[in-house]
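Visitor: Here it is, the structure, as structure tokens.
Numbering (this note's numbering), first residue to last: 199 to 594.
Shown next, in the form of structure tokens:
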């Protein structure tokens, strides 16, 4: 198979929308027009004139000099205009607040990769746990990504003793009604893929409930990092489209956390298959990590290929699942999600200094336009302010 054939296959299978009135999938140029029209609509609504900039970007993309966010190519149009998070490749945060779990699931369902820290000082900020002993309550799950995410938040709210995202479910035994969720195989509103049906979500929630019950049965009153990690991995298993896993994540942990360091050793693939949904990396502080500590970690890496490690000067830094971008998901002492996006220059089409300059200009412009998508109603004001502060313009 030639490179061109492979490129066409990937575009057609992953990004090209079906056009019912033409009874075919869109061409690459039509997909570019769809993305450009989305930017046009977005900035027109804000009263900002960017037509000259859009022309530069469209011409460069159609000449295949550069590409923008592949999430924009995948979800470009109403799905992104309705949910700005869909345009971002990756996000990161700390697992330091009860709403983290449902927000992370929401982002995975949006198509974002999620990096998250379960370092001990972050997990310590979560409230204590207690088995629900109150009356039963039924939550009918709406067939939306917000509904699915709320279902997780409601389950954990029933166990947390304070700061519950849904205080009306605190100390109540939660039942779920899945009847609103469309059957497996139905089209989904983003225009890409098919609905997985209710079973993946049902299974994930059942496994998370069993995990929390087991920890309480063991006498624990707080989540350990490994517990928070496993909850996110079970939640990730609910993120499917057309029967294919669609979640990507990286979990950052404290280097002296033995349970996290050995999470993917031994017979984990049979006993804890959910852990395959993430890469795991220890956060190594340059100023304090000893040779002995590093050697112990490296022994596991040599033997099992896991975990990874990240050298850092700041344990509050986080990284996207690909590991190439550092993010700081807090502002004014409050934590939220930070976002990153990429434009990429196709060096195979660069045959002169002038062409390279043209590509760089177009990529920088498109990156700037992409960074303006910062309305995240489900995540709240803190994440919006972080995104507007960072406004990352990654170009590779």
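Quick reminder that beta carbons are idealized off the backbone N, C-alpha and C, glycines included.
(1) Considering only residues of the same chain and omitting the five flanking positions on each side of residue 328, which have a CB-CB separation below 8 Å?
(2) Whose C-beta lies closer than 6 Å to the C-beta of residue 315 among residues of the same chain, with five residues either side of it excluded?
(3) Please report the straight-line C-alpha distance between residue 440 and residue 514, rounded to a whole angstrom.
(4) How many Å lie between residue 346 and residue 353 at the Cα?
(5) Restricting to Cα atoms, I'd like to know which of 397, 299 and 306 is closest to residue 284.
(6) According to DSSP, is residue 532 helix, strand or coil?
(7) Mapping DSSP to helix, strand and coil, what is residue 248?
(8) What are the boundary residues of the alpha helix (DSSP H) that includes residue 447?
(9) Between which residues of its own chain and residue 476 is the CB-CB distance below 7 Å, once the five residues before and five after are set aside?
(10) Could you tell me which whole alpha helix (DSSP H) segments of length 4 or greater appear in the segment 230–318?
(11) Sort 254, 585, 257 and 411 by Cα distance to residue 331 and report the nearest one.
(12) According to DSSP, is residue 516 part of a helix, a strand, or is it coil?
(13) DSSP three-state label for residue 574, please.
(14) Given a threshold of 16 other Cβ atoms within 10 Å of its Cβ, counted over all protein chains shown, does residue 294 qualify as buried or as exposed?
(15) Give me the residue from 552, 254, 279 and 532 with the minimum Cα distance to residue 298.
(16) Where do the N-terminal and C-terminal ends of the alpha helix (DSSP H) with residue 562 fall, by residue?
(17) For residue 592, name the three-state secondary structure that DSSP assigns.
(18) Using a 10 Å radius around the Cβ and a threshold of 16 neighbouring Cβ atoms, would you call residue 493 buried or exposed?
(19) Measuring CB atoms only, is the segment 524–539 touching the segment 217–237, in the sense that at least three cross pairs come out at less than 8 Å?
(20) Excluding the 5 residues preceding and the 5 following residue 595 in the sequence, name in chain order all residues of the same chain whose CB lies nearer than 7 Å to its CB.
(21) Please determine, among 219, 213, 244 and 264, the residue with the shortest C-alpha to C-alpha distance to residue 546.
(22) Work out the CA separation of residue 452 and residue 583 for me, nearest whole Å.
(23) I need the boundaries of the alpha helix (DSSP H) containing residue 645, first residue and last residue.
(24) Using DSSP bridges, identify the partner residues of residue 371.
(25) Evaluate contact between the segment 238–246 and the segment 518–533, counting only Cβ atoms and requiring at least three cross-stretch pairs below 8 Å.
(26) Are the CB atoms of residue 268 and residue 213 nearer to each other than 9 Å?
Guide: Result, derived from the coordinates:
(1) Residue 328 sits at position 130 when you count from the first residue of the chain shown. 357, 359, 369, 414 and 419, listed in sequence order.
(2) Within the chain shown, the letter at position 117 stands for residue 315. If we look at residue 315 and ignore the five residues flanking it on each side, its Cβ neighbours are 292, 450 and 516.
(3) The residue labelled residue 440 in the question sits at position 242 within the chain shown. The residue labelled residue 514 in the question sits at position 316 within the chain shown. For residue 440, the pLDDT reaches just 45, beneath the cut-off of 50, and the residue's location in the model is therefore unreliable, although a value from the coordinates is still provided. Spanning the two alpha carbons is a distance of roughly 37 Å.
(4) For the purposes of this step, residue 346 is taken as the residue at position 148 of the chain shown. For the purposes of this step, residue 353 is taken as the residue at position 155 of the chain shown. In a straight line, the C-alpha of residue 346 is about 11 Å away from that of residue 353.
(5) Within the chain shown, numbered from 1, the residue matching residue 284 stands at position 86. The candidate whose alpha carbon is nearest that of residue 284 is 306.
(6) The residue labelled residue 532 in the question sits at position 334 within the chain shown. DSSP places residue 532 in strand when its eight states are reduced to three.
(7) As a position in the chain shown, residue 248 is number 50, starting the count at 1. Residue 248: coil per DSSP, three-state reduction.
(8) Against the chain shown, residue 447 aligns to sequence position 249. Note, residue 447: premise wrong, no alpha helix (DSSP H); beta strand (DSSP E) at 447–451.
(9) Here the question's residue 476 lines up with position 278 in the chain shown. Excluding sequence neighbours, residue 476 sits near 431, 447, 448 and 449.
(10) 249–260, 268–273, 276–280 and 298–308
(11) As a first step, residue 331 must be located in the chain shown, where it is residue number 133. That would be 411, whose Cα lies nearest to the Cα of residue 331.
(12) As a first step, residue 516 must be located in the chain shown, where it is residue number 318. Residue 516 falls in the strand class under three-state DSSP.
(13) Within the chain shown, residue 574 is the residue found at index 376, counting from 1. Coil.
(14) Counted from its first residue, the chain shown places residue 294 at position 96. It is buried - the Cβ of residue 294 has at least 16 other Cβ atoms within 10 Å.
(15) Taking the chain shown and counting its residues from 1, the one referred to as residue 298 is at position 100. When only C-alpha atoms are compared, the closest one is 532.
(16) Residue mapping note: residue 562 aligns to position 364 of the chain shown, counting from 1. Where residue 562 is concerned, the enclosing alpha helix (DSSP H) stretches over 551–568.
(17) Here residue 592 refers to the residue found at position 394 when the chain shown is read from its first residue. Three-state result, residue 592: strand.
(18) In the chain shown, residue 493 corresponds to position 295, counting from 1. When all chains shown are included, residue 493 counts as exposed.
(19) no
(20) Nothing can be reported for residue 595: it is not among the residues displayed for the chain, which extend from 199 to 594.
(21) As a first step, residue 546 is located in the chain shown; it is residue number 348 there, counting from the start. Comparing Cα positions, the closest option is 264.
(22) Numbered from 1 along the chain shown, position 385 holds the residue referred to as residue 583. Numbered from 1 along the chain shown, position 254 holds the residue referred to as residue 452. Roughly 28 Å separates the two Cα atoms.
(23) A query on residue 645 cannot be resolved here, the shown segment of the chain reaching from 199 to 594 and no further.
(24) Working through the chain shown from its first residue, we reach residue 371 at position 173. Answer is 334, bridged to residue 371.
(25) no
(26) Position 70 of the chain shown, counted from the start, is the residue given in the question as residue 268. Position 15 of the chain shown, counted from the start, is the residue given in the question as residue 213. Yes. Within cutoff.
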